[in-house]
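A.B. asks:
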Amino acid sequence: METNSKWIKFNYKSAIIFFAITILANLIFLPVLTGLGVSKAFALFLLTSLGSSASLSYILLAKHGFYKSKKQAAIFTTVVTLVCTASCYFLMYLS
318 METNSKWIKF NYKSAIIFFA ITILANLIFL PVLTGLGVSK AFALFLLTSL
368 GSSASLSYIL LAKHGFYKSK KQAAIFTTVV TLVCTASCYF LMYLS
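Read left to right, the sequence shown gives residues 318 to 412 (our numbering).
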């Protein structure tokens, strides 16, 4: 019996990939950006939003095949980037 659910199902491997990419982006590039004179708070905001949007797009598009055309994948990646950036901004500066 198949259920046609609109919810995205994550498994533990996807969660590990998501957190690994996000954490590695912060660990590798945070010293580089702070060395270039960028404030630590802004660098964390930038790297976390970019790392989380890249990892989420990779997991859902490449691993789970969550698209039917290149246009849909581009729109999905744009929306994911906007949502990740907005949520990181909220967590870093408004909470």
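Where a beta carbon is used, it is the ideal one built from N, C-alpha and C, also for glycine.
(1) Apart from the five residues just before and just after Thr339, which ones in its own chain have a Cβ nearer than 7 Å to its Cβ?
(2) Excluding the 5 residues preceding and the 5 following Asn343 in the sequence, name in chain order all residues of the same chain whose CB lies nearer than 8 Å to its CB.
(3) Could you tell me how far apart the beta carbons of Ile376 and Ile334 are, in whole angstroms, since I believe they sit closer than 8 Å?
(4) Identify the continuous alpha helix (DSSP H) that holds Lys388 and give its terminal residues.
(5) Does DSSP put Ser370 in a helix, a strand or coil?
(6) When burial is assigned at 16 or more other CB atoms within 10 Å of the CB, is Ser386 buried or exposed?
C.D. replies: The relevant details are as follows:
(1) Taking the first residue of the sequence shown as position 1, residue 339 is located at position 22. So the list reads Thr365, Gly368, Ser369, Ser372, once near-sequence residues are dropped.
(2) Within the sequence shown, residue 343 is the residue found at index 26, counting from 1. Leaving aside the five residues that flank Asn343 on each side, the residues in its chain whose CB is nearer than 8 Å to its CB run, in chain order, Leu361, Leu364, Thr365, Gly368.
(3) For the purposes of this step, residue 376 is taken as residue 59 along the sequence shown, with counting starting at 1. For the purposes of this step, residue 334 is taken as residue 17 along the sequence shown, with counting starting at 1. Going by Cβ atoms, the distance from Ile376 to Ile334 rounds to 6 Å, so yes, they are a contact pair.
(4) On the sequence shown, residue 388 is found 71 positions in, with the first residue counted as 1. Where Lys388 is concerned, the enclosing alpha helix (DSSP H) stretches over 387-406.
(5) Here residue 370 refers to the residue found at position 53 of the sequence shown. Note: Ser370 maps to helix in three-state DSSP.
(6) Counting from 1 along the sequence shown, the entry for residue 386 is found at position 69. Only exposed fits Ser386, as fewer than 16 other CB atoms lie within 10 angstroms of its CB.
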